[in-house]
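Using the UniProt record's numbering, the letters of the sequence shown map in sequence onto residues 1 to 78.
Backbone N, C-alpha and C fix where the C-beta goes; we use that ideal spot for every residue, glycine too.
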Amino acid sequence: MTTEDPTAKIPTEDRAERAQRLARDGAQAMADHVAQIKAVDERTVRLRALRLAKEAEEAALAPPPAPAKPKRKRTVKA
1 MTTEDPTAKI
11 PTEDRAERAQ
21 RLARDGAQAM
31 ADHVAQIKAV
41 DERTVRLRAL
51 RLAKEAEEAA
61 LAPPPAPAKP
71 KRKRTVKA
């Protein structure tokens, strides 16, 4: 049994094509990743604006809060 390096059998052209394919796939994966991050950021901005508008509307419709009762001081018995 001989143990040969499997990469030694791959011709130089095949290695170059493989390297180009890997570079192309990597670039596509990075572009997809960046697009997903951008989409999440855009949704976050949109949802934050909707939430703030809803909170402002609710605050405008709600009656003003009642004044807080003053706390009674405890007396310590000796």
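query	result
Helix, strand or coil at Arg72 according to DSSP, with G and I counted as helix	coil
Between the CA atoms of Ala60 and Arg43 - distance to the nearest angstrom	26 angstroms
Pairwise C-alpha distance: Arg15 and Leu22	10 angstroms
Inter-residue spacing [alpha-carbon to alpha-carbon] between Ala27 and Val45	27 angstroms
Start and end residues, alpha helix (DSSP H) containing Ala39	12-61
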